[in-house]
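Undergrad: The sequence shown begins at 2 in our numbering and counts up one residue at a time.
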Amino acid sequence: MPDLANTVASDWPESVLRIVTSAPMPGIGSGPSCAKTSQGIEALETTTEVPDEVLAGLWLLAGDLDRSHAISQGIKTPDGSYLHGIMHRREGDFSNAKYWFRNAGTHAIQHKLAEFASSAHGQLAGRGLPMDRLGRANQLGETIVDLSAQVVSKKTLPWQADLERICWWEMELILQHCL
2 MPDLANTVAS DWPESVLRIV TSAPMPGIGS GPSCAKTSQG IEALETTTEV PDEVLAGLWL
62 LAGDLDRSHA ISQGIKTPDG SYLHGIMHRR EGDFSNAKYW FRNAGTHAIQ HKLAEFASSA
122 HGQLAGRGLP MDRLGRANQL GETIVDLSAQ VVSKKTLPWQ ADLERICWWE MELILQHCL
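(1) According to the neighbour-count rule (16 or more other Cβ atoms, all chains shown, within 10 Å of its Cβ), is residue 116 buried or exposed?
(2) Just how far apart, CA to CA, sit residue 75 and residue 118?
(3) Runs of 3 residues minimum, wholly inside the segment 9-96: which ones carry the beta strand (DSSP E) assignment?
(4) Pick helix, strand or coil for residue 160, following the three-state DSSP scheme.
(5) To the nearest whole angstrom, what separates the beta carbons of residue 84 and residue 130, a pair I think is in contact under 8 angstroms?
(6) Pick out whichever of 33, 140 and 47 has its Cα sitting closest to the Cα of residue 111.
(7) For residue 30 and residue 48, what's the separation of their Cα atoms in angstroms?
(8) By alpha-carbon positions, which one of 23, 61, 58 and 99 ends up nearest to residue 150?
(9) Expressed to the nearest angstrom, what Euclidean distance is found between the alpha-carbon atoms of residue 69 and residue 133?
(10) Buried or exposed: where does residue 106 fall if 16 or more other Cβ atoms within 10 Å of its Cβ makes it buried?
(11) If residue 38 and residue 24 are in contact, beta carbons under 8 angstroms, what's the gap, nearest whole angstrom?
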């Protein structure tokens, strides 16, 4: 798992932090699936009170899209819609993902994510990732869906790792926001 560089991880409950830092890097698609992460979340569900939004995000990290979906579709807030959009993007249902990102509106994390993408331009640029599109917070959810669809259809693109990094920042920010 990449570093928690964009949030104040010291503010996170230790049980959540342990799960997140031991989870594998999420891919653009549905994987990877991680039994160890799933076991940690199951233990967390029985011993700790965490918001449903956080559980939906953690299940995304575990690669269990069905469990994430079961939770996020019941959360009738912009946070729930945003997580629902990530889940559909990861499963490859791109039009449905866009619907949920539009339903979430310009989510609070999108401005910060656009800032991170812009400030990382030097690190990420040069491999073809359209950085100009990633700097527009109001379109960011749908832009990441479009870029993910390109990765899935082409199988390998030189900027796939850069997009995965941005998707990790997105997950980091939504978890921080929901904690």
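Each residue gets a CB set at the ideal place from its N, CA and C atoms; glycine is no exception. Because the structure is a prediction, the values reported are computed rather than measured.
TA: Based on what the coordinates show:
(1) Within the sequence shown, numbered from 1, the residue matching residue 116 stands at position 115. Residue 116 is exposed by the Cβ-count criterion.
(2) In the sequence shown, residue 75 corresponds to position 74, counting from 1. In the sequence shown, residue 118 corresponds to position 117, counting from 1. Their Cα atoms are separated by approximately 30 angstroms.
(3) none
(4) Against the sequence shown, residue 160 aligns to sequence position 159. The answer is coil: DSSP assigns residue 160 none of H, G, I, E or B.
(5) The residue given as residue 84 occupies position 83 in the sequence shown. The residue given as residue 130 occupies position 129 in the sequence shown. About 24 angstroms; that fails the 8 angstroms criterion.
(6) Indexing the sequence shown from 1 puts residue 111 at position 110. Comparing Cα positions, the closest option is 140.
(7) In the sequence shown, residue 30 corresponds to position 29, counting from 1. In the sequence shown, residue 48 corresponds to position 47, counting from 1. About 30 angstroms.
(8) As a first step, residue 150 is located in the sequence shown; it is residue number 149 there, counting from the start. Checking every option, the nearest Cα to that of residue 150 belongs to 99.
(9) Taking the sequence shown and counting its residues from 1, one reaches residue 69 at position 68. Taking the sequence shown and counting its residues from 1, one reaches residue 133 at position 132. In a straight line, the C-alpha of residue 69 is about 31 angstroms away from that of residue 133.
(10) Translated into positions along the sequence shown, residue 106 becomes position 105. Classification for residue 106: exposed.
(11) Stepping through the sequence shown from its first residue, residue 38 is reached at position 37. Stepping through the sequence shown from its first residue, residue 24 is reached at position 23. Right, the Cβ-Cβ distance comes to about 4 angstroms (below 8 angstroms), so this counts as a contact.
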